[in-house]
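*Asks:*
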Amino acid sequence: MTSLLAEMFGNTRRFLERLGALAWFSLQVLRQAPAAALRPRLVVEQVYHSGALSLVIIMTCGLFIGMVIGLQGYDLLHRIGSEDALGVGAALSLLKELGPVVTALLFAGRAGTALASELGLMRATDQLSAMEVMAVDPMQRVVVPRFLGGLVAMPLLTAIFIAVALFGVQLVGVQFFGIDQGQFWSQMRGAVEPGDVYEGLIKGLVFGMSCSLIAVFEGYTADPTAEGVARATTRTVVISAVVTLVLDYILTALML
Amino acid sequence: MRQSRAIDVSTGLFVLLGMTAILFLVTQITNRDFAWGAESYRLTAQFENIGGLKAGAPVSMAGVTIGRVESIGYDMQAFKADVTMRIDARYDRIPNDSDASIYTAGLLGGQYVGITPGNAEDVYHDGDRVEFVQDAIVLENLISKYLFSQAGKDQAAATPAAQE
């Protein structure tokens, strides 16, 4: 009984410790962000690694998610005889929820893990300490550009995901099932407001911030062992997914 | 050097693709018939009851959308709803005795303002008020009117019978 309590106490303490460290780390990253933006070379490289290299998985998943929405949406709407509303339903659900959330989950899986394991390996092989020895601040040289790269890449990836998914919906709805093309687009245009697009992009930006921050934090503070790096990678995905979904609720409640 | 140039090119392509996607989302799937900056003028109208009319609802003539409801307020002096409409400047020859009514699109659709042209020589200008209006039809009012008129008929039918 006492050992159980002690364990619970220890776990809570460790959680608070991590949370405090994350908050402190975020402050440092944000404080150094303007300075790192003065060296765009490093950031561009990270946009390539987090963004351009994630493009294939984002587009493939977007296409299939769009096609599934097309199938399910058509089936559902067909029962109540309003297939033409498929465009509106798909566009709104993609813009407001599915687009940013699925992109963030994929981003955490594709780019977040890469960031965490890269930084963890740098830590394990003492590259970060070597930088400190050479009076190069690893925070500024390594961590902040990776964070900024993720921040730039996520909204763009979100927009690409939504656009490709809409193409998928259109493919199934209009090409396979023969919904009227004009109705599909005009109903969509009639109901979607520019604010809905901005909501999706803001969500993408916020998720990009949280996912990259968690990835660089986990990598930077990983135990310098093979096991530590593996654990940091796993935790990056788990924590990013949970934080993304919690933030999604908060953001939706705020912007509704 | 060669490596980093390849990275630049793919990053550039990626950013371009992202921007194109954003542009597509903003311009192609949203409702931007009357984008900010497009030439337009304002008309106002006061209604007793606007039903479920919302800012952003279409203003139409003969079914053609010619503008949108910009804002809805409440006039504490007249105790009426104040509706401000923004009309596309292309439609600048609306006779100034035209009337504005609030209709419902379809059975369950949203509400919109329909303008029926009058015969006057003069036309509406920016800031004018539409004087002839017809309120939104509220279903509850219709039902209660019908019920009361039924009740009245029943009573009228019952009274002579009682006198006999």
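If you read the protein sequences in the order shown, they are chains A and B.
All residue numbers for the first sequence refer to our numbering, where the first residue is 370 and numbers rise by one.
All residue numbers for the second sequence refer to our numbering, where the first residue is 112 and numbers rise by one.
By construction, the Cβ of each residue, glycine as well, lies at the ideal position given by its N, Cα and C atoms.
1) To the nearest angstrom, how far is it from the Cα of valine 566 (chain A) to the Cα of leucine 411 (chain A)?
2) Taking the alpha helix (DSSP H) that isoleucine 653 (chain A) belongs to, which residues open and close that run?
3) For a cutoff of 8 Å on Cβ pairs, would you count valine 126 (chain B) as touching chain A?
4) Assign tyrosine 223 (chain B) to one of two classes, buried (16 or more other C-beta atoms within 10 Å of its C-beta) or exposed (fewer than that).
5) Counting only Cβ pairs nearer than 7 Å, list the residues of chain A close to valine 224 (chain B).
6) With DSSP as the reference, please indicate the residues paired to leucine 154 (chain B) in a beta bridge.
7) When you compare only the Cα positions, how much space is there between valine 511 (chain A) and phenylalanine 384 (chain A)?
8) Applying a beta-carbon distance threshold of less than 9 Å, which residues of chain B neighbour leucine 525 (chain A)?
9) To which residues of the same chain is methionine 500 (chain A) closer than 6 Å at the C-beta, ignoring the five residues directly before and after it?
10) Using 8 Å as the cut-off, can you tell me whether the segment 430–439 of chain A makes contact with the segment 535–549 of chain A, which would need three or more C-beta pairs spanning the two stretches below that distance?
11) What residue range does the beta strand (DSSP E) around arginine 179 (chain B) cover?
12) Would the beta-carbon of threonine 613 (chain A) fall within 8 Å of that of cysteine 580 (chain A)?
13) Any contact between the segment 199–211 of chain B and the segment 246–254 of chain B? By contact I mean 3 or more CB pairs, one from each, below 8 Å.
14) For alanine 480 (chain A), which of A:Val457, A:Leu461, A:Val425 has the nearest alpha-carbon?
15) For a contact defined as C-beta to C-beta under 7 Å, what are the partners of aspartate 119 (chain B) on chain A?
16) Does the Cβ-Cβ distance between threonine 195 (chain B) and threonine 138 (chain B) come in under 8 Å?
17) Assuming glutamine 509 (chain A) and glutamine 401 (chain A) form a contact by the criterion Cβ under 8 Å, report the distance between their Cβ atoms to the nearest whole angstrom.
18) What first and last residue would you give for the alpha helix (DSSP H) that runs through alanine 584 (chain A)?
19) Measure the C-alpha to C-alpha separation of glycine 456 (chain A) and glutamine 556 (chain A) and round it to an integer number of angstroms.
20) Since glycine 225 (chain B) and serine 171 (chain B) are thought to touch, with beta carbons under 8 Å apart, how far apart are those beta carbons, to the nearest angstrom?
21) Taking C-alpha atoms, which residue in B:Lys191, B:Thr122, B:Gly178 lies nearest to serine 151 (chain B)?
*Replies:* In this structure, then:
1) Sequence index remark: in the first sequence, residue 566 (chain A) carries index 197 (1-based). Sequence index remark: in the first sequence, residue 411 (chain A) carries index 42 (1-based). Spanning the two alpha carbons is a distance of roughly 30 Å.
2) As shown, chain A starts at 370 and ends at 625. That puts residue 653 (chain A) outside it, with no answer to give.
3) As a first step, residue 126 (chain B) is located in the second sequence; it is residue number 15 there, counting from the start. It does: the Cβ of valine 126 (chain B) has a partner Cβ on chain A nearer than 8 Å.
4) The count along the second sequence starts at 1 and reaches residue 223 (chain B) at position 112. The residue is buried, with at least 16 neighbouring Cβ atoms inside 10 Å.
5) If you number the second sequence from 1, residue 224 (chain B) lands on position 113. Chain A residues near valine 224 (chain B): none, gap ~16 Å exceeds 7 Å.
6) Position 43 of the second sequence holds residue 154 (chain B). Note: leucine 154 (chain B) sits in a beta bridge opposite B:Met196, B:Asp239.
7) Taking the first residue of the first sequence as 1, we reach residue 511 (chain A) at position 142. Taking the first residue of the first sequence as 1, we reach residue 384 (chain A) at position 15. Each residue's Cα considered, the two are about 26 Å apart.
8) Here residue 525 (chain A) refers to the residue found at position 156 of the first sequence. Within 9 Å of the CB of leucine 525 (chain A), the CB atoms of chain B belong to Phe125, Val126, Leu128, Gly129, Met130, Ala132, Ile133, in sequence order along the chain.
9) Position 131 of the first sequence, counted from the start, is the residue given in the question as residue 500 (chain A). Pro507.
10) Counting Cβ pairs under 8 Å, three or more are found: they touch.
11) Residue numbering aside, residue 179 (chain B) sits at position 68 when the second sequence is read from its first letter. From DSSP, the beta strand (DSSP E) with arginine 179 (chain B) extends over 175–186.
12) Here the question's residue 613 (chain A) lines up with position 244 in the first sequence. Here the question's residue 580 (chain A) lines up with position 211 in the first sequence. Yes, Cβ-Cβ distance for threonine 613 (chain A) and cysteine 580 (chain A) is below 8 Å.
13) Remark: fewer than three beta-carbon pairs, one from each stretch, lie closer than 8 Å, so the segment 199–211 of chain B and the segment 246–254 of chain B are not flagged as touching.
14) Here the question's residue 480 (chain A) lines up with position 111 in the first sequence. Answer by Cα proximity: A:Val425.
15) The residue labelled residue 119 (chain B) in the question sits at position 8 within the second sequence. For aspartate 119 (chain B), the residues of chain A that pass the 7 Å Cβ criterion are Val413, in the order they occur in the chain.
16) On the second sequence, residue 195 (chain B) is found 84 positions in, with the first residue counted as 1. On the second sequence, residue 138 (chain B) is found 27 positions in, with the first residue counted as 1. No, the pair does not count as a contact, with Cβ atoms beyond the cut-off.
17) In the first sequence, the residue the question calls residue 509 (chain A) occupies position 140. In the first sequence, the residue the question calls residue 401 (chain A) occupies position 32. Going by Cβ atoms, the distance from glutamine 509 (chain A) to glutamine 401 (chain A) rounds to 5 Å, so yes, they are a contact pair.
18) In the first sequence, the residue the question calls residue 584 (chain A) occupies position 215. Membership of alanine 584 (chain A) in the alpha helix (DSSP H) is indicated by the continuous run 563–589.
19) By one-based count along the first sequence, residue 456 (chain A) stands at place 87. By one-based count along the first sequence, residue 556 (chain A) stands at place 187. Whole-angstrom Cα-Cα distance: 7 Å.
20) Residue mapping note: residue 225 (chain B) aligns to position 114 of the second sequence, counting from 1. Residue mapping note: residue 171 (chain B) aligns to position 60 of the second sequence, counting from 1. With a contact defined as Cβ atoms closer than 8 Å, glycine 225 (chain B) and serine 171 (chain B) qualify at about 6 Å.
21) Taking the first residue of the second sequence as 1, we reach residue 151 (chain B) at position 40. Looking at the Cα atoms, B:Gly178 is the closest of the given residues.
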